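Engineer: The opening position of the sequence shown corresponds to residue 170 in the numbering used here, with each subsequent residue numbered one higher.
Take a look at the following structure, please.
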Amino acid sequence: MPSNSHYNKGLKTLAKSLRAESTKAEVRLWCEVLSKGKTGYTFLRQRPIDNYIADFMCKELKLIIEVDGYSHNFKVDEDGERDKNLARLGYTILRLSDEEVMKDLANVERAIHAWIKKSQM
170 MPSNSHYNKG LKTLAKSLRA ESTKAEVRLW CEVLSKGKTG YTFLRQRPID
220 NYIADFMCKE LKLIIEVDGY SHNFKVDEDG ERDKNLARLG YTILRLSDEE
270 VMKDLANVER AIHAWIKKSQ M
């Protein structure tokens, strides 16, 4: 594994269990938008990066997509710190709510594709 991926092998077991316990919103985003190169890029699910596990990560784009459920309403400071630390490693973090993914997937997909297109300019 290249050192610039910031892969944390110590979190591999936890990441695997999180994949098995994915939320409905995470499964929907994966199946309908991010899997099998549908964006033109490879995304990985529940990827250990530094001291965190990203819901979805694309190494090539240095993009992390987080799908936040209700519990994240109480983790604003924690999530902000996490985002700052991951940004220092060169990643961009897109945060989506469970509700956005479940009720407005078309706009979520447009936002992801728009970010990808903008990043290529």
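Note that the Cβ used here is the ideal one computed from N, Cα and C, for glycine as well.
From a predicted model like this one, the values you see are computed outputs, not experimental measurements.
Between the C-alpha atoms of R188 and N177, what's the straight-line distance to the nearest angstrom?
Structural biologist: The alpha-carbon atoms of R188 and N177 are separated by roughly 16 angstroms.
Engineer: Can you tell me which of K185, V236 and D219 puts its alpha carbon nearest to the alpha carbon of L133?
Structural biologist: No information on residue 133 is available, as it lies outside the stretch 170 to 290 that the chain covers here.
Engineer: How about the region 274 to 289 and the region 244 to 256: do they share at least three Cβ pairs that are nearer than 8 angstroms?
Structural biologist: No contact exists between the region 274 to 289 and the region 244 to 256.
Engineer: Rounded to a whole number of angstroms, what is the C-alpha to C-alpha distance between K231 and D219?
Structural biologist: About 13 angstroms.
Engineer: At which residues does the alpha helix (DSSP H) containing E269 begin and terminate?
Structural biologist: Here the alpha helix (DSSP H) through E269 covers D267 to K272.
Engineer: Rounding to the nearest angstrom, what Cα-Cα distance links K244 and D224 in this structure?
Structural biologist: Those two C-alpha atoms are separated by around 16 angstroms.
Engineer: Is it buried or exposed for M226, if we count other Cβ within 10 angstroms and need 16 for buried?
Structural biologist: So M226 ends up on the buried side.
Engineer: Output the boundary residues of the alpha helix (DSSP H) element that contains L183.
Structural biologist: That run of the alpha helix (DSSP H) goes K181 to A189.
Engineer: Exposed or buried, E195, counting other C-beta atoms within 10 Å across all chains shown (16 or more means buried)?
Structural biologist: It counts as buried.
Engineer: Pull the bridge partners of L263 from the DSSP assignment, please.
Structural biologist: I234.
Engineer: What residue does the alpha helix (DSSP H) around L198 start on, and which one ends it?
Structural biologist: K193 to L198 is the extent of the alpha helix (DSSP H) around L198.
Engineer: Taking the Cβ atom as the reference point for each residue, do V202 and E268 lie within a distance shorter than 7 angstroms?
Structural biologist: Taking 7 angstroms as the Cβ cut-off, V202 and E268 do not qualify as a contacting pair.
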